[in-house]
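Scroll down for the structure; my scribbles are underneath it.
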Amino acid sequence: MSLSVLVTNTKGGCGKTTIATTLATAFAVAGFKTALADVDRQRSSLGWLATRPATAAPITGLDWRKAADSKPAGTQRLVIDVPAGLRLGHVQDLLKSADVVIVPVLPSVFDERSTSRFLEKLESIKPIARGRKRVLVVANRLRPRQKAAQHLLEHLAEAGLEPTARLAERTLYGELAMGGLGLFDLDQRRDQRRAAAGREDWLPLLAAIERAAAR
Amino acid sequence: MRAPSCDHEIELKLMVDPADLARLAARLGASPFAFSAPEVLPLESRYFDTPDLRLAARRVSLRVRRSGERHVQTIKTASVGGAAHTVRGEWECTVAAMAPELDRIGDPAALEALGLVLPEELAPVFTTRVERRLMLVEQKLRDGSKAIIEVAFDRGTIEADALATGPGAGKAGKKARVEQIAEVELELKAGAPEGLYLLLETLSDWATLRISTTPKAQRGYLLATGRPPAWQRAEPPALDPAIPAGTAMAAVLASGLQQLLQNQAAAQDGRDPEGVHQLRIGLRRIRSGLALFASLLPVDERTAWDERLKAVIAATGTPRELDVLVTETLAEIKAGLPDDPALAVLTATAEAARRRAYATLRTYLQSRELAGLVLDLALWTALERWRDDTTEECAAAQSTPVIELAVALLERRHKRVRRRGRHFARLGDEERHEVRLALKKLRYGVEFLSGLFPEKPAKRYAKAAARLQDRLGRLNDQADTRRLLEALAGSAGPGTDRPALERGIGLVIGWQAACVGAERRLAVDDWHDFTAQELFWQELDEDR
Numbered sequence: 172m173s174l175s176v177l178v179t180n181t182k183g184g185c186g187k188t189t190i191a192t193t194l195a196t197a198f199a200v201a202g203f204k205t206a207l208a209d210v211d212r213q214r215s216s217l218g219w220l221a222t223r224p225a226t227a228a229p230i231t232g233l234d235w236r237k238a239a240d241s242k243p244a245g246t247q248r249l250v251i252d253v254p255a256g257l258r259l260g261h262v263q264d265l266l267k268s269a270d271v272v273i274v275p276v277l278p279s280v281f282d283e284r285s286t287s288r289f290l291e292k293l294e295s296i297k298p299i300a301r302g303r304k305r306v307l308v309v310a311n312r313l314r315p316r317q318k319a320a321q322h323l324l325e326h327l328a329e330a331g332l333e334p335t336a337r338l339a340e341r342t343l344y345g346e347l348a349m350g351g352l353g354l355f356d357l358d359q360r361r362d363q364r365r366a367a368a369g370r371e372d373w374l375p376l377l378a379a380i381e382r383a384a385a386r
Numbered sequence: 005m006r007a008p009s010c011d012h013e014i015e016l017k018l019m020v021d022p023a024d025l026a027r028l029a030a031r032l033g034a035s036p037f038a039f040s041a042p043e044v045l046p047l048e049s050r051y052f053d054t055p056d057l058r059l060a061a062r063r064v065s066l067r068v069r070r071s072g073e074r075h076v077q078t079i080k081t082a083s084v085g086g087a088a089h090t091v092r093g094e095w096e097c098t099v100a101a102m103a104p105e106l107d108r109i110g111d112p113a114a115l116e117a118l119g120l121v122l123p124e125e126l127a128p129v130f131t132t133r134v135e136r137r138l139m140l141v142e143q144k145l146r147d148g149s150k151a152i153i154e155v156a157f158d159r160g161t162i163e164a165d166a167l168a169t170g171p172g173a174g175k176a177g178k179k180a181r182v183e184q185i186a187e188v189e190l191e192l193k194a195g196a197p198e199g200l201y202l203l204l205e206t207l208s209d210w211a212t213l214r215i216s217t218t219p220k221a222q223r224g225y226l227l228a229t230g231r232p233p234a235w236q237r238a239e240p241p242a243l244d245p246a247i248p249a250g251t252a253m254a255a256v257l258a259s260g261l262q263q264l265l266q267n268q269a270a271a272q273d274g275r276d277p278e279g280v281h282q283l284r285i286g287l288r289r290i291r292s293g294l295a296l297f298a299s300l301l302p303v304d305e306r307t308a309w310d311e312r313l314k315a316v317i318a319a320t321g322t323p324r325e326l327d328v329l330v331t332e333t334l335a336e337i338k339a340g341l342p343d344d345p346a347l348a349v350l351t352a353t354a355e356a357a358r359r360r361a362y363a364t365l366r367t368y369l370q371s372r373e374l375a376g377l378v379l380d381l382a383l384w385t386a387l388e389r390w391r392d393d394t395t396e397e398c399a400a401a402q403s404t405p406v407i408e409l410a411v412a413l414l415e416r417r418h419k420r421v422r423r424r425g426r427h428f429a430r431l432g433d434e435e436r437h438e439v440r441l442a443l444k445k446l447r448y449g450v451e452f453l454s455g456l457f458p459e460k461p462a463k464r465y466a467k468a469a470a471r472l473q474d475r476l477g478r479l480n481d482q483a484d485t486r487r488l489l490e491a492l493a494g495s496a497g498p499g500t501d502r503p504a505l506e507r508g509i510g511l512v513i514g515w516q517a518a519c520v521g522a523e524r525r526l527a528v529d530d531w532h533d534f535t536a537q538e539l540f541w542q543e544l545d546e547d548r
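Listed in order, the protein sequences are those of chains C and D.
Quick note on the numbering used here: the first sequence kicks off at 172 and runs consecutively.
Quick note on the numbering used here: the second sequence kicks off at 5 and runs consecutively.
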């Protein structure tokens with residue numbers, strides 16, 4: 172059995188690739204046979220993977236730009252990075268191979284609006300409307316005491332879209348990504364302080380993904 | 005029966021009276037079967053889970069067990085297959101202390117069972133402490149080979165750890181957080197599962213044994229969360245068209261037995277009406293299985309089982325009837341008459357009767373009668389005792405390929421329903437009841453045997469038959485409800501507001517009577533739908 176997680180939003184720059192690569196490292200480090208499929212013409216996920224050190228937990232890259240091809244036999248966790256601007260029809264096709272859909276949202280009014288529209292469209296897709304596929308909203312790049320962040324959370328709550336996770340903005344993600352690494356690659360013993368704060372943010376999201384898999 | 009593999013635990017679990025436990029251990033230890041001196045081990049096992057109890061939801065357990073200086077981490081999955089015994093995935097490794105070490109799990113299958121769990125998520129949920137008497141037993145099998153069985157006699161406690169999450173947790177906090185353990189586990193180490201049942205046969209002569217399929221982990225979760233035990237639907241037996249009818253019968257009976265065993269805890273608990281309901285379905289499936297394969301057994305043998313099963317089904321009937329009355333009939337009427345005082349009096353009377361019925365049921369579920377029936381059936385099925393002392397005719401029927409029997413059976417049962425249902429719209433109550441009885445038999449036949457045929461037409465047919473049966477059932481329920489209500493009126497306590505109670509009963513009877521016309525018309529539609537179905541067992545004939 173494998174579990175597929177699709178990360179998408181219609182708007183660019185909302186941290187989709189960071190979420191996809193971080194999830195992939197969480198699965199890979201835990202020992203799962205993990206694959207990361209990239210649908211983005213810019214190949215940002217695959218580019219990250221190319222710089223990943225050989226000593227890090229292995230993640231198989233899949234180039235899905237042309238077609239949602241197969242995945243290697245025995246894959247236990249698959250993360251699909253779906254870029255902005257993809258036609259909904261295409262997203263719908265990709266959805267077929269996904270168990271959970273993750274939609275990152277940023278604290279800016281413009282972003283909220285396009286995201287709400289996108290979510291509405293998503294909810295109209297059959298397997299999601301029937302509750303067979305879970306959609307998880309992630310409030311991304313939150314900064315403490317930021318007005319827009321507060322506004323975003325209120326806005327989401329009003330729309331009945333309580334975010335599954337709130338990810339704080341951290342320079343750490345960028346630093347790690349440059350070396351092909353993700354948060355969960357950090358050695359908890361050696362890098363305890365930096366790792367712990369970040370991991371706490373991700374726990375609710377990982378738990379929700381795994382709960383969806385248990386259904 | 006499935007052969008053991010290295011990462012599967014094949015086990016038969018027996019609940020025993022604590023007073024019998026030591027005696028049983030001593031007797032087995034002194035018997036010629038035992039070939040190792042009994043070892044006494046104090047064991048402490050701590051079970052871990054995430055705050056959202058994800059492992060429990062995935063039906064997997066993670067524990068660390070201390071035995072002397074040694075710590076062993078074990079992951080176990082829910083039972084797959086099995087019958088009265090369980091077959092569970094099991095992975096073990098040594099760890100440094102009483103804490104899980106997730107990075108020690110290498111097998112992808114074990115990881116998959118657990119799902120992603122981060123070490124910081126895990127906390128203890130409950131702890132078991134037992135004194136285990138352990139011995140190895142060599143059991144001779146009927147083909148002359150041997151099975152090696154590890155027998156553990158466990159005496160001790162399960163104790164819930166502080167658990168802050170989960171609905172009902174607060175309630176559990178007030179209740180006793182410790183439960184006693186007195187059980188025997190027979191674990192197959194080598195050889196065929198038959199060995200477990202042969203040893204069980206010997207042990208059952210020495211003490212009263214109750215077969216249980218509830219693992220210690222499940223009991224621990226119930227204790228820690230205060231939630232009612234989960235009930236389970238039946239898994240339809242997987243049959244191969246080429247197997248002999250006898251083997252198919254054993255598979256059908258084993259699945260009924262499994263359903264009965266898996267719902268015993270929920271029925272005993274009683275908070276969820278599905279417990280008793282599913283337990284009774286299990287019993288009825290066993291009974292129907294025996295009727296379906298009647299040609300395989302001598303009449304006396306079948307009648308003897310049937311009598312015993314009928315007695316148990318009857319003894320568990322009242323709680324179910326009252327469950328239906330309170331949670332379905334009265335709930336439905338109340339939706340239309342929310343604050344009616346007469347309905348409130350009737351509901352209170354029914355609730356009181358239900359509590360009494362469940363108290364009786366709880367005692368009954370612990371009775372020797374039921375435990376004995378389960379044990380005898382488990383042995384008879386697993387050891388294929390139906391092969392012994394049979395007639396020539398029955399022996400021939402037992403070895404016929406099941407597919408031949410299935411086609412003839414389904415054809416016969418279908419025709420009987422059609423015959424009784426001729427001019428369906430014009431049938432009277434009695435005649436419609438006859439259709440229902442024939443349909444019920446057909447339904448069980450379809451349920452047990454449809455796996456042998458192409459899936460889609462079989463499913464469509466089964467669905468149409470089920471809809472019709474439900475409809476006829478509802479029409480029939482009225483008569484039953486009326487009887488039940490009269491009994492309720494008779495049993496009401498002295499403080500009851502009698503006029504209100506009578507009026508409540510009148511409301512229910514009136515309500516149901518008003519539904520009859522519509523239900524009857526719908527039944528005609530359902531009948532036509534049913535008779536329009538493709539006969540899926542004939543399909544296969546044409547293909548061949």
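All C-beta atoms in this analysis are idealised placements derived from N, C-alpha and C, irrespective of residue type, glycine included.
- Annotation: Cβ neighbours of E381 (chain C) in chain D (cutoff 7 Å, chain order): R58, G119, L120.
- Among the residues facing chain C, I162 (chain D) is not included, as its CB has no counterpart in that chain under 9 Å away.
- Taking C-alpha positions only, D209 (chain C) is separated from R236 (chain C) by approximately 7 Å.
- Boundaries around M349 (chain C) are those of the alpha helix (DSSP H), 342–349, since no beta strand (DSSP E) includes it.
- With at least 16 other beta carbons inside 10 angstroms of its own, A117 (chain D) counts as buried.
- Under the 8 Å Cβ criterion, the region 97–113 of chain D does not count as touching the region 147–166 of chain D, having fewer than three qualifying pairs.
- Here DSSP, grouped into helix, strand and coil, assigns G508 (chain D) to helix.
- Residue environment for K187 (chain C): buried (at least 16 other C-beta atoms within 10 angstroms of its C-beta).
- Membership of L265 (chain D) in the alpha helix (DSSP H) is indicated by the continuous run 249–266.
- Cβ-Cβ distances below 7 Å link D310 (chain D) to R291, L294 in the same chain, with the five nearest sequence neighbours on each side left out; the list follows chain order.
- In this structure, the beta-carbon distance from V91 (chain D) to H12 (chain D) falls below 9 Å.
- With a 10 Å radius around the Cβ and a threshold of 16 neighbouring Cβ atoms, V520 (chain D) comes out exposed.
- In terms of Cβ geometry, R237 (chain D) and Q272 (chain D) do not form a close pair [threshold 9 Å].
- Within the DSSP secondary-structure output, H437 (chain D) pairs in no beta bridge.
- A378 (chain C) places its beta carbon 9 Å or farther from that of R63 (chain D).
- Three or more Cβ pairs drawn from the region 193–204 of chain D and the region 150–158 of chain D lie within less than 8 Å of each other, which places the two stretches in contact.
- Annotation: Cβ neighbours of L115 (chain D) in chain C (cutoff 8 Å, chain order): A201, G202, F203, Q247.
- Among the CB atoms of chain D, one or more fall inside 9 Å of the CB of Q359 (chain C).
- Contact of A378 (chain C) with chain D by beta-carbon distance below 7 Å involves T54, D56, R58.
- For H427 (chain D), the number of other beta carbons within 10 angstroms of its own is below 16, and it is reported as exposed.
- For E523 (chain D) against R478 (chain D), the beta-carbon gap comes to about 6 Å, under 8 Å, which counts as contact.
- In terms of Cβ geometry, A270 (chain D) and A234 (chain D) form a close pair [threshold 9 Å].
- Residue-level contact by beta carbon fails for L343 (chain C) and chain D, as no gap is shorter than 9 Å.
- In terms of beta-carbon proximity, P112 (chain D) lines the interface with chain C, with at least one pair separated by less than 9 Å.
- Close to A101 (chain D), with beta-carbon spacing below 8 Å, lies no residue of chain C; the smallest spacing is near 16 Å.
- Cβ-Cβ distances below 6 Å link A252 (chain D) to L243, V406 in the same chain, with the five nearest sequence neighbours on each side left out; the list follows chain order.
- The CB of R370 (chain C) comes closer than 8 Å to the CB of L122, E124 in chain D, given here in chain order.
- Under the criterion of beta carbons closer than 8 Å, P323 (chain D) and L287 (chain D) do not qualify as touching, at roughly 13 Å.
- Closer than 9 Å to the CB of F289 (chain C) there is not a single CB belonging to chain D.
- Secondary structure of P405 (chain D) (DSSP, three-state): strand.
- In this structure, the beta-carbon distance from A386 (chain D) to A483 (chain D) does not fall below 9 Å.
- Using beta-carbon distances, L106 (chain D) counts as an interface residue toward chain C, with a partner under 9 Å.
- Non-local beta-carbon contacts of K204 (chain C) in its own chain, meaning distances under 7 Å to residues more than five positions away in sequence, involve G245, T246, Q247 in chain order.
- Listed as beta-bridge partners of T132 (chain D) by DSSP are D:S49, D:I162.
- Shown here, E332 (chain D) sits in a helix according to DSSP, grouped into three states.
- In this model, R424 (chain D) and Y465 (chain D) are separated by some 18 Å (Cα to Cα).
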